[in-house]
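A.B. asks: Dropping the structure in here first, questions after.
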Amino acid sequence: MENIIEVKNITKAFPGIIANNDISLEIRRGEIYALLGENGAGKSTLMNILFGLYKPDRGDIILRGERVIISSPAHAASMSIGMVHQHFRLVEDFSIAENIVLGIEPKHRFLGILPYVGMTSVNRKIAQLSRDLGLDVDPEMKVSDAGVSIRQRVEILKMLYRNAEILIFDEPTAMLAPQEIAYLLKILKNLKEQGKTIILITHKLSEVKEIADRCGILNRGRLIGVYDVASTSASDMAAYMVGRELDDELPPPPQDFGDVVLDVSNMSVAQRGLKCVDDVSFSVRAGEVFAIAGVDGNGQKELADALAGLIDVSGGSIMLSGQDMTRASVRQRIEAGLSYVPEDRHGIGLILDFPLRHNLALRRYYVSPFCVNGVFKESVFDDFSTGLIENFDIRCGQGGHTVTRSMSGGNQQKAIVAREIELASKLMIFVQPTRGLDIGATRAIHKHIMRQREAGHAIFLISMELDEIRVLADTIGVIYDGRINRIAPARELSTEEIGEYMMGVKV
Amino acid sequence: MDTVFIDGLSYGIPLLCIAIGGIYSERSGIINLALEGLLGMGAFTGSLFVAFFGGFFVQHSSVPMYFAFLFAMIGGALFAMLHGLLCVKLKANQVISGVVINILAIAFTGFFTRQLNSQVFGQPSDRINLGVSVRFDIPFLSDIPIIGAAFQRVYPFQLVIIAVVVLSWYLLYKTRFGMRLRACGDNPHAVDGAGISVAKTRFVAVMISGALAGLGGMSYAYSIAASFSPGIYMGTGYLAIAALIFGNWRIMPTVAACMLFGFARSGGQRLSHLLELPASYSDLIFTLPYVVTLLVLIFFSKSNKAPRALGEIYDKGKR
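Same order as they appear, the protein sequences are chains A and B.
Per my numbering, residue 1 is the first one in the first sequence, and the count goes up by one each step.
Per my numbering, residue 1001 is the first one in the second sequence, and the count goes up by one each step.
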């Protein structure tokens, strides 16, 4: 089969890092080509070069046999290259159809003079396109009313409406539930059958195995190799990807649980008049990892924030080691033994413009020995941060004095985890602790969590990644629409069953 | 009762024009606190035309007035380019830019009005006299009992502004330009991804905003103020911002808000008349629209939905 697009010796450097180092790839017409690699391996940079967002320092792009220079996304679109970014670019206030035609709106004339944008024919065309591909999208629906999965399909339609032939997907399954992932993979297969060429950026091996024809593996900006998916095992691919052999992660070994540390009964949380956590009850014991599984936006964030004291509950009670914490302030809860690793690490986890040593001491800065008679002891901050940086392997350019914003996402997360674990609280809450992290950093954080479990701390984990829950959880609660519909020991629940509760198929 | 209608509309309709101008800018994502300064700069530019060229026309001719309106729009649009330059091109803070433009406009127009009067016309004064525009009754409609008052003693600019409002609705909701403008205020990344220049669209929106503010300001100069003077800066620009926020950045609710403010003002004047309050109380009465604004904002601000990208500086590289 002919090559539809080739990149030859592409090199792209950013200050301090070579994101792409002499990469050459050939992508054949009509195949699904997966680009595998850890975070920071250079996948997104390479695709952004193809999409005209970055200019390569060196190297050529050959499209349908001709050397081209892609100057902008609009230019890429005109050469029938389309891309679905991880963060969708949609106008929420517009209908789906209006989003799709933005930039190429059909112009009609009223009475032959007044120009206007006619949506009727567009709506019909998009409905047709959506039916042909099994996308199930209502063109007149407002994007603000659409969920993640629908929004993604709108982005797909946007490319198809512009007659794109090369479709680039940047981590398309990161925010989807298992059933939605299956649906998306089916759509990708349909697109392939229609003769489209698909480039799939991912770090999920199962998806590559399921739909890709070939895969290119990147590691630290270099192309490790191109493999035929059918004849390469998943564990080999994983090893190439991280550049070392991986020991398989196993579910947690059985362990005896201690006393109940966190006891939540009939708790409800209302935000802006809407009940987002609805009458939930559960308890977490010492030495137990209690995990909440669910699709994003089903009340997990509010549940965690209410436990941490960031938002008020509208009903029910929260008991921490027998003490009533329902109305306690954040600081009272911390001092009573609660650690919190929030989902939004930039918003509430860190003060990005502060140096690392201050961020690491955020829970303790106001007490002795950090602060004596209202004055900071700088040397204590230094020693404290140096210790945590070593113990938790936080990579930072200038030690404790590194500005937190300049650190990579993985190391920022390690810093939060280090700070919260150091408190040695009875209860530790982790929300999406490994979101956006690569395999290496994820493993490190999982190890820390398991060590705390062995040390007899109660762990409350919220995650959208079922794989993560499978390797960490002793007990699983599945949340759907603010309700925890099923709580059971992890080994009694199959992944399929969890999926059904997550999607509200079973309640 | 009739005067309440007539005065309410003659105040409320120019206010609406300024608020619609604000909608253009804010729906494209640029906060426009500069409306107050823009209406003054517009009215000043229009008045300059009359001061210099008014004498060439037949006495009591309305022609210079129409030219004045044209120049007011041009002046407002040109001065708005400064806001566009600061906010769009130089990525300055939009609130600060707006406030600075207001202060600059007051100082600039005040200074030049005084200089012009003393140096060119030899009469030290801080105003350029314009007189009051002609008014007329709309046939038939003005004969309807009660609501007919809305069609009596109408200023020509009121009709122009109503046409501008209808045109704005059409432009914002029915055309390519309007769609892209609104998209810029919601998610500029989507606009950029579609190959449309966010900067250009926003710049044009800010210029239209200045032109409409200028038109509104000139209307006051030819009605309530009967001149151009520092008295033109009576906070109408800020009231227009309140009106468009209360109107949820949409045209029809903003029309309602402006009418409410207009009638609050004329109703208050009528009330002070009925109660036979001394003239010194009129200042207090003029605060009525603002008091109404406060009350209205307390009750309605919860349901407010500002354009999502309002005030956000758009940077291509940032994702």
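C-beta atoms are modelled at their ideal positions from N, C-alpha and C, and glycine is treated no differently.
My output table needs one value for S71 of chain A: the three-state DSSP class, helix, strand or coil.
C.D. replies: Locating residue 71 of chain A in the first sequence gives position 71, where the first residue counts as 1. Correct three-state label for S71 of chain A: coil.
A.B. asks: For the region 88-101 of chain A, which residues have a CB atom closer than 9 angstroms to at least one CB atom of chain B, in sequence order?
C.D. replies: So the list reads F88, R89, L90, V91, E92, D93, F94, E98, N99 and V101, given in the order they occur along the chain.
A.B. asks: Please return the same chain residues whose Cβ sits closer than 7 angstroms to the Cβ of L1082 of chain B, not counting the five positions on each side in sequence.
C.D. replies: Within the second sequence, residue 1082 of chain B is the residue found at index 82, counting from 1. Excluding positions up to five away in sequence, the list reads I1101.
A.B. asks: Could you work out which residue in A:D278, A:G440, A:G258 and A:R327 is closest to N266 of chain A when comparing CA atoms only?
C.D. replies: Here residue 266 of chain A is taken as the residue at index 266 of the first sequence, counted from 1. Checked all of A:D278, A:G440, A:G258 and A:R327; the closest Cα to N266 of chain A is A:D278.
A.B. asks: Could you tell me the alpha carbon to alpha carbon distance between L246 of chain A and A239 of chain A, rounded to whole angstroms?
C.D. replies: Position 246 of the first sequence, counting from 1, holds the residue named residue 246 of chain A. Position 239 of the first sequence, counting from 1, holds the residue named residue 239 of chain A. Low confidence applies to L246 of chain A: its pLDDT is 47, below 50, so where it sits in the model is not reliable, and the reading given next is rough at best. Distance between the alpha carbons of L246 of chain A and A239 of chain A is about 6 angstroms.
A.B. asks: Classify A444 of chain A as helix, strand or coil using the three-state DSSP reduction.
C.D. replies: On the first sequence, position 444 is the one that residue 444 of chain A refers to. Three-state result, A444 of chain A: helix.
A.B. asks: Beta-carbon within less than 7 angstroms of K1302 of chain B's beta-carbon, same chain only, minus the 5 sequence neighbours each way: which residues are those?
C.D. replies: Locating residue 1302 of chain B in the second sequence gives position 302, where the first residue counts as 1. Here the set comprises nothing.
A.B. asks: Which partner residues of R64 of chain A appear in the DSSP bridge assignment?
C.D. replies: On the first sequence, position 64 is the one that residue 64 of chain A refers to. Answer is none; R64 of chain A lacks a bridge partner.
A.B. asks: Under DSSP, the beta strand (DSSP E) around P489 of chain A begins and ends at which residues?
C.D. replies: Working through the first sequence from its first residue, we reach residue 489 of chain A at position 489. Residues R483 to P489.
A.B. asks: Would you call the region 49-69 of chain A and the region 130-138 of chain A in contact, with 3 or more CB pairs under 8 angstroms?
C.D. replies: No: the two stretches stay apart, fewer than three of their Cβ pairs being nearer than 8 angstroms.
A.B. asks: Check whether chain B comes within 7 angstroms of P106 of chain A, counting only Cβ atoms and requiring the distance to be less than that.
C.D. replies: Translated into positions along the first sequence, residue 106 of chain A becomes position 106. It does not: the Cβ of P106 of chain A has no partner Cβ on chain B nearer than 7 angstroms.
A.B. asks: What span of residues does the alpha helix (DSSP H) with R28 of chain A cover, start to end?
C.D. replies: Taking the first residue of the first sequence as position 1, residue 28 of chain A is located at position 28. From DSSP, R28 of chain A is part of no alpha helix (DSSP H) but of the beta strand (DSSP E) over I17 to R28.
A.B. asks: Within 10 angstroms of its Cβ, does D1315 of chain B collect 16 or more other Cβ (buried), or is it exposed?
C.D. replies: On the second sequence, residue 1315 of chain B is found 315 positions in, with the first residue counted as 1. Classification for D1315 of chain B: exposed.
A.B. asks: Give the interface partners of N1187 of chain B over in chain A, defined as CB-CB distance under 8 angstroms, in chain order.
C.D. replies: The residue given as residue 1187 of chain B occupies position 187 in the second sequence. Chain A residues near N1187 of chain B: R89, L90, V91 and E92.
A.B. asks: So, does the region 419-433 of chain A touch the region 328-342 of chain A, judging by three or more C-beta pairs under 8 angstroms?
C.D. replies: Yes, since at least three Cβ pairs between the region 419-433 of chain A and the region 328-342 of chain A fall closer than 8 angstroms, the two stretches touch.
A.B. asks: Does the beta-carbon of N123 of chain A have 16 or more other beta-carbons within 10 angstroms, so that it is buried, or is it exposed?
C.D. replies: Indexing the first sequence from 1 puts residue 123 of chain A at position 123. Its Cβ being crowded by 16 or more others within 10 Å, N123 of chain A is buried.
A.B. asks: Let me check one thing: in DSSP terms, what residues is S268 of chain A bridge-paired to?
C.D. replies: Here residue 268 of chain A is taken as the residue at index 268 of the first sequence, counted from 1. For S268 of chain A, which the question treats as bridged, DSSP gives the partners A:G315.
A.B. asks: So is G1235 of chain B in contact with chain A if we call contact Cβ pairs under 7 angstroms?
C.D. replies: Residue numbering aside, residue 1235 of chain B sits at position 235 when the second sequence is read from its first letter. Closer than 7 angstroms: no.
A.B. asks: Give the C-beta separation of G1021 of chain B and L1035 of chain B to the nearest angstrom, bearing in mind that I take them to be a contact with Cβ-Cβ under 8 angstroms.
C.D. replies: Looking up residue 1021 of chain B in the second sequence gives position 21. Looking up residue 1035 of chain B in the second sequence gives position 35. Contact flag correct, Cβ pair sits at about 7 angstroms.
A.B. asks: Roughly how many angstroms separate the alpha carbons of K158 of chain A and G1084 of chain B, rounded to a whole number?
C.D. replies: One-based indexing of the first sequence puts residue 158 of chain A at position 158. One-based indexing of the second sequence puts residue 1084 of chain B at position 84. Spanning the two alpha carbons is a distance of roughly 31 angstroms.
A.B. asks: Classify L1141 of chain B as buried or exposed, calling it buried when 16 or more other Cβ atoms lie within 10 Å of its own Cβ.
C.D. replies: Locating residue 1141 of chain B in the second sequence gives position 141, counting from the first residue. Its Cβ having fewer than 16 others within 10 Å, L1141 of chain B is exposed.
A.B. asks: What does a CB cutoff of less than 7 angstroms around L160 of chain A pick up in its chain, not counting 5 residues either side in sequence?
C.D. replies: For this step, residue 160 of chain A is matched to residue 160 along the first sequence. Around L160 of chain A: L129.
A.B. asks: Looking at the secondary structure, which residues open and close the alpha helix (DSSP H) in which F370 of chain A lies?
C.D. replies: Within the first sequence, numbered from 1, the residue matching residue 370 of chain A stands at position 370. From DSSP, F370 of chain A is part of no alpha helix (DSSP H); its letter is neither H nor E.
A.B. asks: Check whether the Cβ of Y116 of chain A lies closer than 7 angstroms to any Cβ atom in chain B.
C.D. replies: Position 116 of the first sequence, counted from the start, is the residue given in the question as residue 116 of chain A. Closer than 7 angstroms: yes.
A.B. asks: Closest to L1086 of chain B by C-alpha separation, out of B:L1239, B:I1031, B:P1253 and B:F1057, would be which residue?
C.D. replies: Translated into positions along the second sequence, residue 1086 of chain B becomes position 86. Closest by alpha carbon: B:I1031.
A.B. asks: My assumption, with CB atoms under 8 angstroms, is that V478 of chain A sits in contact with M450 of chain A. Please give the rounded CB distance.
C.D. replies: Position 478 of the first sequence, counted from the first residue, corresponds to residue 478 of chain A. Position 450 of the first sequence, counted from the first residue, corresponds to residue 450 of chain A. The Cβ separation is near 22 angstroms, so there is no contact.
A.B. asks: Examine chain A for any beta-carbon lying closer than 7 angstroms to the beta-carbon of K1174 of chain B, and answer yes or no.
C.D. replies: The count along the second sequence starts at 1 and reaches residue 1174 of chain B at position 174. So yes, K1174 of chain B belongs to the interface.
A.B. asks: Is G1195 of chain B close to chain A? Criterion is C-beta to C-beta, closer than 7 angstroms.
C.D. replies: Taking the first residue of the second sequence as 1, we reach residue 1195 of chain B at position 195. Output row for G1195 of chain B: interface = yes.
A.B. asks: When burial is assigned at 16 or more other CB atoms within 10 Å of the CB, is I181 of chain A buried or exposed?
C.D. replies: Your numbering for residue 181 of chain A matches position 181 in the first sequence. Under this definition I181 of chain A is a buried residue.
A.B. asks: Taking only heavy atoms of the ligand NAD into account, decide whether any of them is closer than 6 angstroms to the Cβ of V1134 of chain B.
C.D. replies: Absence of the ligand NAD is noted for the structure shown, with no ligands found whatsoever.
A.B. asks: Could you tell me the alpha carbon to alpha carbon distance between D138 of chain A and I150 of chain A, rounded to whole angstroms?
C.D. replies: What you label residue 138 of chain A is simply residue 138 of the first sequence in a count that begins at 1. What you label residue 150 of chain A is simply residue 150 of the first sequence in a count that begins at 1. When rounded, the distance between both Cα atoms is 9 angstroms.
A.B. asks: Could you check if E140 of chain A is buried or exposed, using at least 16 other CB atoms within 10 Å of its CB as the buried criterion?
C.D. replies: As a working mapping, residue 140 of chain A is identified with position 140 in the first sequence. Under this definition E140 of chain A is an exposed residue.
A.B. asks: For I1162 of chain B, which residues of its own chain have a beta-carbon under 8 angstroms away from its beta-carbon, when the five flanking residues on both sides are left out?
C.D. replies: On the second sequence, position 162 is the one that residue 1162 of chain B refers to. Result list for I1162 of chain B: I1013, in chain order.
A.B. asks: Under the rule that 16 or more other beta-carbon atoms within 10 Å means buried, what is P1278 of chain B, buried or exposed?
C.D. replies: Reading the second sequence from its first residue, position 278 is the one you call residue 1278 of chain B. Exposed is the call here.
A.B. asks: Residues of chain A with a CB under 8 angstroms from the CB of R1308 of chain B: which are they?
C.D. replies: Translated into the one-based positions of the second sequence, residue 1308 of chain B becomes position 308. Those within 8 angstroms of R1308 of chain B in chain A are E92 and D93.
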